[in-house]
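Participant: Quick one: the structure is below, questions incoming.
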Amino acid sequence: MALVLVLNSGSSSIKFQLVDPDQHATDDPFASGLVEQIGEPHGRITLKHNGDKHVLEAPIKDHSAGLDLAFNLMSDVGCGPTDVDLVAVGHRVVHGGILFSKPEIITDEIVDMIRDLIPLAPLHNPANIDGIDVARSLLPNIPHVAVFDTGFFNGMPPAAALYAIDAQTAINHGVRRYGFHGTSHEYVSQKVATLLGKPAEDINQITLHLGNGSSCAAIQGGQPIDTSMGMTPLAGLVMGTRSGDIDPGIVFHLHRTAGMSIDEIDTLLNKKSGVKGIAGVNDFRELRSMTDEGNQDAWLAYNIYIHQLRRYIGSYMIALGRVDAITFTAGVGENADFVRADALDNLQMYGIIIDPERNKIRSDQPRLISTDDSTVQVWVVPTNEELAIARYAKQLAS
Ligand code: ADP
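Below is the structure:
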């Protein structure tokens, strides 16, 4: 079986999966794991393979040591990169700027281009480059492919992609809307086209990727025309710990009046805001039990979250003019029936009617949750970014 190693390298962690690109979206990967706490005194590697979980605890100096240990652990249980038919390594790269609109085979020039984009993603791209460098040196004879989180949104119309700020400043500093979660929005929207039995070019859709990080996209005939994340993944919907859209003047106010540094405001808006900032929790299962118990902060957080989501859905309906499908995906979108019901409540005059029974069904399969007479079909489609990356990687490598 041909397998692709999919790597998602963060600043202190590496997520990895060995994926069969021909598997179904809901099948477990051949193997999966996580290298955690890189650079800290106590590191940890977990690996799942054949239903068993293996754990290795050891100090992990850097990404190189981490991936080396992970490969050794994989070899110990018979799924090391040299034990399997590895055809490609797929790397998730967060920021492709305006340079990348599609996945690329990694060469030294491509790595240099990803490095040039570090100012746009100072936390993410360096970690992605570390992962690429280490994996290329450990697996030099396997094609490596970069898949960009921003790629799908690269061709968005200027009216949606550009901000109304001083044009020269924007150009000089790459200030524009790039959008993120592109692999997921593209994967899910193509799946919906298949489910509707129509070419993607013939349908208009709204995709709602609601996880810890959340974003939505308006997709016209297969091409995105707008998305909620912006120059960074902080913009748009209210998220687990991120604020989503706020008045930019708040940043100046907190700096000038509250004396907060730029780094403190960054942490506030990225890590201490969103649902967590108001309710103290960011997991929707906990949030739901708190609202069930009548916790007022939890209700407030939930209502702000839904209000913002409905704002975006409404504006994308106008942007698209005609909507054939609205699709929920990712951890919250796939599991929280109450979020789906409230996000699209009372929109029958726009042809959107959720069937409460269909919406309650729990499944890991794609499913229709609107009524038969809803003119807009509403779907839940599990996303699988690793599988999408594996498919691109195999395609480019062969
Ligand atoms: P990310 O990839 O952005 O970290 P995910 O797409 O995995 O996030 O989504 C994780 C979130 O999904 C959790 O924080 C939780 O809020 C939500 N979630 C997961 N399972 C459930 C569930 N059964 N019911 C409600 N929410 C859930």
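Numbering-wise (numbering that gives the first Met the number 0), the sequence shown opens with residue 0 and increments by one. Glycine included, each C-beta is placed from N, C-alpha and C at the ideal position.
Could you tell me the distance, in whole angstroms, from the CA atom of residue 42 to the CA atom of residue 15?
Facilitator: Going by the C-alpha atoms only, they are around 16 Å apart.
Participant: Between the alpha carbons of residue 283 and residue 331, how many angstroms are there, rounded?
Facilitator: Residue 283 and residue 331: Cα-Cα distance of roughly 7 Å.
Participant: What distance in whole Å lies between the Cβ atoms of residue 130 and residue 90, which are believed to be in contact at a cut-off of 8 Å?
Facilitator: Sure, about 6 Å apart at Cβ, within 8 Å.
Participant: Does the structure place the region 167-187 close enough to the region 226-243 that three or more beta carbon pairs sit under 8 Å?
Facilitator: With a cut-off of 8 Å, the region 167-187 and the region 226-243 count as touching, because enough Cβ pairs lie within range.
Participant: In whole angstroms, what separates the C-alpha of residue 399 from that of residue 112?
Facilitator: It is not possible to answer for residue 399, since the shown part of the chain is limited to 0 through 397.
Participant: Sort 116, 329, 152, 379 by Cα distance to residue 358 and report the nearest one.
Facilitator: When each option's Cα is compared against that of residue 358, the closest is 379.
Participant: Shortest alpha-carbon distance to residue 17 belongs to which of 6, 170, 293, 369?
Facilitator: Minimum Cα distance to residue 17 is reached at 6.
Participant: Identify the residues that DSSP records as bridge partners of residue 203: which are they?
Facilitator: Bridge partners of residue 203: 219.
Participant: CA-CA distance, residue 341 and residue 306?
Facilitator: The straight-line gap from Cα to Cα measures roughly 9 Å.
Participant: Tell me whether residue 156 is buried or exposed, calling it buried when 16 or more other Cβ atoms sit within 10 Å of its Cβ.
Facilitator: Exposed is the call here.
Participant: Is residue 275 helix, strand or coil when you go by DSSP?
Facilitator: Note: residue 275 maps to helix in three-state DSSP.
Participant: With the cut-off set at 8 Å, would you say residue 2 and residue 83 are in Cβ contact?
Facilitator: Result yes, Cβ atoms of residue 2 and residue 83 sit closer than 8 Å.
Participant: Just jot down, in chain order, the residues whose CB lies closer than 5 Å to any heavy atom of the ligand ADP.
Facilitator: Spelled out in chain order, the answer is 210, 211, 212, 282, 283, 284, 329, 330, 331, 334, 335.
Participant: Can you list, in chain order, the residues of its chain with a C-beta nearer than 7 Å to that of residue 133? Leave out the 5 residues immediately preceding and following it.
Facilitator: Once the five neighbours on either side are set aside, the close Cβ partners of residue 133 are 62, 63, 66.
Participant: Pair every Cβ in the region 198-217 with every Cβ in the region 244-257, then say whether three or more of these pairs are closer than 8 Å.
Facilitator: With a cut-off of 8 Å, the region 244-257 and the region 198-217 do not count as touching, because too few Cβ pairs lie within range.
Participant: Three-state secondary structure (DSSP) at residue 167?
Facilitator: If DSSP states are grouped into helix, strand and coil, residue 167 belongs with the helices.
Participant: Roughly how many angstroms lie between the CA atoms of residue 382 and residue 329, to the nearest whole one?
Facilitator: Roughly 6 Å separates the two Cα atoms.
Participant: Relative to the alpha-carbon of residue 352, which residue among 338, 245, 372 has its alpha-carbon at the smallest distance?
Facilitator: Taking only the C-alpha atoms, the option nearest residue 352 is 372.
Participant: Name, in chain order, the residues that DSSP records as bridge partners for residue 84.
Facilitator: DSSP output for residue 84 lists 1 as bridge partner(s).
Participant: For residue 141 and residue 105, I'd like the C-alpha separation in whole angstroms.
Facilitator: The straight-line gap from Cα to Cα measures roughly 11 Å.
Participant: Based on the DSSP output, what are the partners of residue 34 in its beta bridges?
Facilitator: Answer is 13, 44.
Participant: Thinking C-beta only, is residue 147 closer than 8 Å to residue 223?
Facilitator: Going by C-beta atoms, residue 223 is not nearer than 8 Å to residue 147.
Participant: Only counting the same chain, and skipping five residues up and downstream in sequence, which positions put a Cβ closer than 8 Å to that of residue 279?
Facilitator: Hits under 8 Å: 296.
Participant: With DSSP as the reference, please indicate the residues paired to residue 254 in a beta bridge.
Facilitator: In DSSP, residue 254 forms no bridge with anything.
Participant: Following the continuous alpha helix (DSSP H) through residue 384, name the residue where it begins and the one where it ends.
Facilitator: First-last of the alpha helix (DSSP H) with residue 384: 384-396.
Participant: Are the CB atoms of residue 86 and residue 46 nearer to each other than 8 Å?
Facilitator: Contact flag unset, no.
Participant: Classify residue 164: buried if its beta carbon has 16 or more other beta carbons within 10 angstroms, exposed otherwise.
Facilitator: The residue in question, residue 164, is exposed, as its Cβ has fewer than 16 Cβ neighbours within 10 Å.
Participant: The alpha helix (DSSP H) spanning residue 128 covers which residue range?
Facilitator: From DSSP, the alpha helix (DSSP H) with residue 128 extends over 123-137.
Participant: Can you say whether residue 206 is buried or exposed, counting buried as having 16 or more other CB atoms within 10 angstroms of its CB?
Facilitator: Buried is the call here.
Participant: Less than 8 Å separating the beta-carbons of residue 210 and residue 241?
Facilitator: No, Cβ-Cβ distance for residue 210 and residue 241 is not below 8 Å.
Participant: Who are residue 51's beta bridge partners in DSSP?
Facilitator: Bridge partners of residue 51: 48.
Participant: Using a C-beta cutoff of 8 Å, does residue 28 count as contacting chain D?
Facilitator: This model lacks chain D altogether; it includes just one protein chain.
Participant: Spatial neighbours of residue 298 within its chain, please: C-beta separation below 6 Å, excluding the five flanking residues on both sides.
Facilitator: Around residue 298: 290.
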